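Order-wise, the sequence lines are chains Z, G and H. Position one of the first sequence corresponds to residue 7 (the working numbering), numbered consecutively onward. Position one of the second sequence corresponds to residue 2 (the working numbering), numbered consecutively onward. Position one of the third sequence corresponds to residue -8 (the working numbering), numbered consecutively onward. All residues carry an ideal CB built from backbone N, CA and C; glycine is no exception. Quick caveat, the model's predicted, so the values are computed rather than measured.
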Amino acid sequence: MARAAVSATSPPPAALERARRGEPDAFGDLVRERQRLVFGLALNLLRDRALAEEVAQEVFLQLHRSLGGIESEAHLTHWLRRVTSHRAIDVARHRRHAEVSGLDEAPEPWVVRRDADPLVCRTLRRLVATLPPCPRTVVVLRFQEDLEPAEIARVLDMPVNTVKSHLRRALAVLRARAGQALGRAEVTS
Amino acid sequence: MTFDDELRDALRPSDPGPRFAERVLARLEPVAAVVPVEPAVVPAPVREHPRRPFRWVPLGLAASVTVATAAGVVFLEAQRRAEGERARHQVIVALRLTSGELNEIGRRLDTRATPTETVPGDPGRSEERVP
Amino acid sequence: MTPPLFRFVPVLAVAALLAAPPTAQAQTAKLVWPNLNGLSKQATEAVDVTLDRALLQLAAGFLGDDAEQANVKALLRDIESINVRHFAFKSAGLYDPAIVDPVRAQLGKGAWQRLIAAKDGDANTEVYAWRDAGGGPGGLAVVSLEPTELTLINIVGKIDLARLRQLEGHLGVPKVSPPDEPRPRPE
């Protein structure tokens, strides 16, 4: 297998670079590097593991075809977020029946953080899933990917003010519903 | 923890599992998923007759059938694996929902002074009292 | 907010009941669901799990050998079937609670015994256990009605609730430690 010559002080070439060169196994490494982002986004948007898996696979297949146009790691991240979001929104809009025979939530990592309340997490995920596709995507990009509204606007091809409006209204709805569902006073923070 | 933090926790991305990349790669190169097999070698017949031209056709046919059979076996195995994974996921869903419901009952019992109540219209069977 | 702790006593009671000697009965622990397909049209989320013994064994074959999944495998060993229907709705009032009346009717017969019922406003959850006659598998049923969620669970077989408790914190199962026992150590 051809390997790039590297000096002792430089890091090994990233999977993206190797995949663009067509090195064997490089694309597999690239998928492993980014699968959590893509699948995680799809699952948070669709709340259906089988559909999320399908969307995630399609995204990587499309990536394979589009590798030549990806210029940098940052570009790759933006590209993956964008393609995954758009595909998931399309799927969410076309779903007529939510009846599925699979996971509605993916298994959590083996170690659960002690300060995370699984019941609260589960409730919030369900509530996010009740939002319409666009506001749902805005919320997920904001809180899964920690994107600012301007960046979300670029990912979704949406005006920034629309993103902010979606976010503001969605959070108000989520806070109110979380308050009811979890038996709390309405959360204001 | 703020509401925003709780949302971040709730929306923490999940991993699709260790074999996801393999499933993607299999779709990229479906032919590569076929287990390579040596073409079946048809033993040479005992030559009782004058030598005849070597028969490529049955050898090629045998090779095709063998490869097709291997591909079929791989396909069936992939189907079985998909079904098994799906069943595994469903088991986890079911156990999560069951535990979640039991946990929810515990939460409600914890927050109420009189934990057990008879549901209006219920058959009136006796139930375990929760202290 | 720390997760609420599940009461240990009803867990023990359920475990005892599920292992109790049988009394002669004709009905089985397998419930028949009413037709719930219409709910899917209104639901934003729906789960339909139907696993018989064969599928459970198949699933067990795909579980790993680490401690958590070994626990799940052990749990599945004595389970005959798992049936779950779960629906989530965008708002309250999108389903008629009377739709589960046929299920309650079945739970009022045979060897079903209601163990726990908890009402909280419009939310109502009940847990039933099946005491089998001839030493056959037991069963568990959960009927949970909330304004925006409906969940029906029917597990046929011997359910080891101690093992189910051991799943807490793993596989996404919420922690449900009894108040008087030390939490299980992660392995």
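Can you round the beta-carbon distance between residue i and residue j to whole angstroms, since I take them to be within the 8 Å contact cut?
i	j	result
N115/H	L98/H	With 8 Å as the limit, N115/H and L98/H do not qualify as a contact, their Cβ atoms being about 13 Å apart.
A25/Z	L36/Z	5 Å
T90/Z	V61/Z	7 Å
T142/H	L98/G	6 Å
A50/H	A88/G	4 Å
L47/H	I73/H	7 Å
V23/H	V75/H	So it is not a contact: roughly 14 Å between Cβ atoms.
R38/Z	A22/G	5 Å
D123/H	A102/H	6 Å
R28/G	L67/Z	6 Å
Can you find the residues in the same chain that come closer than 6 Å, C-beta to C-beta, to residue i, ignoring five residues on each side of it along the sequence?
i	result
A108/H	E117
R27/Z	none
L153/Z	L147
K21/H	V147
E111/Z	Below a pLDDT of 50, predicted positions are generally treated as unreliable, and E111/Z, at 42, falls in that range; no measurement from the model is reported.
A135/Z	R53
A159/Z	V166, V169
Q41/Z	none
R183/Z	L133
N145/H	L22, N74, A132
L27/H	R76
P46/G	Residue placement at P46/G is flagged as unreliable, the pLDDT there being 45, under the threshold of 50; the coordinate-derived value follows with that caveat. Cβ neighbours of P46/G beyond the five flanking positions: none.
P93/H	P25
K81/H	T35
L62/G	none
Here's a check: name, in chain order, each residue in its chain whose Cβ is nearer than 7 Å to the Cβ of residue i, leaving out the five neighbours to either side.
i	result
P173/H	Confidence in P173/H is poor, its pLDDT being 40 and thus under 50, which makes the residue's placement unreliable; the coordinate value appears in the next sentence. No residues qualify anywhere along the chain.
P155/Z	V166, V169, K170, L173
A176/Z	L137, P141, V144, V145
L43/Z	L86
L154/H	A quick correction: the sequence has Arg, not Leu, at residue 154/H. Contacts found: N62, A65, L66.
Could you tell me which of the options sits nearest to residue i, measuring between CA atoms?
i	options	result
A32/Z	L86/Z, V65/Z, H70/Z	H70/Z
H77/H	A96/H, T139/H, T19/H, I150/H	T139/H
A1/Z	A135/Z, S78/Z, V134/Z, P141/Z	Limits of chain Z in this structure are 7 at one end and 195 at the other, which puts residue 1/Z out of reach.
M2/G	C127/Z, E59/Z, L137/Z	C127/Z
G179/H	L12/G, E102/G, E78/G, E86/G	No information on residue 179/H is available, as it lies outside the stretch -8 to 178 that chain H covers here.
A98/Z	T35/H, G129/H, K149/H, G29/H	T35/H
Q60/H	I93/G, L62/G, R81/G	I93/G
K110/H	L27/H, N62/H, N145/H, V134/H	V134/H
Q33/H	A83/H, A50/H, A102/H	A83/H
D113/H	N28/H, A65/H, D87/H, N74/H	D87/H
R44/H	N26/H, L67/H, V38/H	L67/H
D123/Z	L188/Z, S72/Z, V65/Z	L188/Z
F45/Z	L77/G, G101/G, L12/G, E78/G	L12/G
E64/Z	A95/G, D5/G, F4/G, L26/G	L26/G
G101/G	E59/Z, G185/Z, L125/Z, A178/Z	L125/Z
D163/Z	Q186/Z, I95/Z, G185/Z, A178/Z	I95/Z
A79/H	S31/H, V91/H, T19/H, P93/H	S31/H
T129/Z	P139/Z, Q186/Z, L73/Z, G34/Z	Q186/Z
G29/H	W121/H, L85/H, V94/H	L85/H
H100/Z	G74/Z, A178/Z, P139/Z, E157/Z	P139/Z
A58/Z	D16/G, I106/G, R9/G, L96/G	D16/G
Compare the C-beta of residue i against all C-beta atoms of chain C and say whether one is closer than 8 Å.
i	result
Q186/Z	The structure shown contains no chain C; its protein chains are Z, G and H.
Residues in its own chain within less than 8 Å of residue i by CB, not counting five upstream and five downstream?
i	result
I76/Z	L22, R26, L69, L82, W85
N50/Z	R131, V134, V146, Q150
V161/Z	H84, R87, R88, S91, L147, L153
K64/H	A51, L54
D5/G	none
E91/H	It should be noted that the sequence gives Val, not Glu, for residue 91/H. Excluding positions up to five away in sequence, the list reads P25, V134, L136, L141, L143.
G74/Z	R26
Beta strand (DSSP E) runs wholly inside the region 78 to 153 of chain H, at least 3 long, in chain order: Secondary structure in the region 78 to 153 of chain H: the beta strand (DSSP E) runs of 3 residues or longer, each lying completely within the stretch, are 103 to 111, 114 to 121, 130 to 137, 140 to 148 in chain order.
Minimum length 4: unbroken alpha helix (DSSP H) runs contained in the region 15 to 53 of chain Z: Secondary structure in the region 15 to 53 of chain Z: the alpha helix (DSSP H) runs of 4 residues or longer, each lying completely within the stretch, are 21 to 26, 32 to 52 in chain order.
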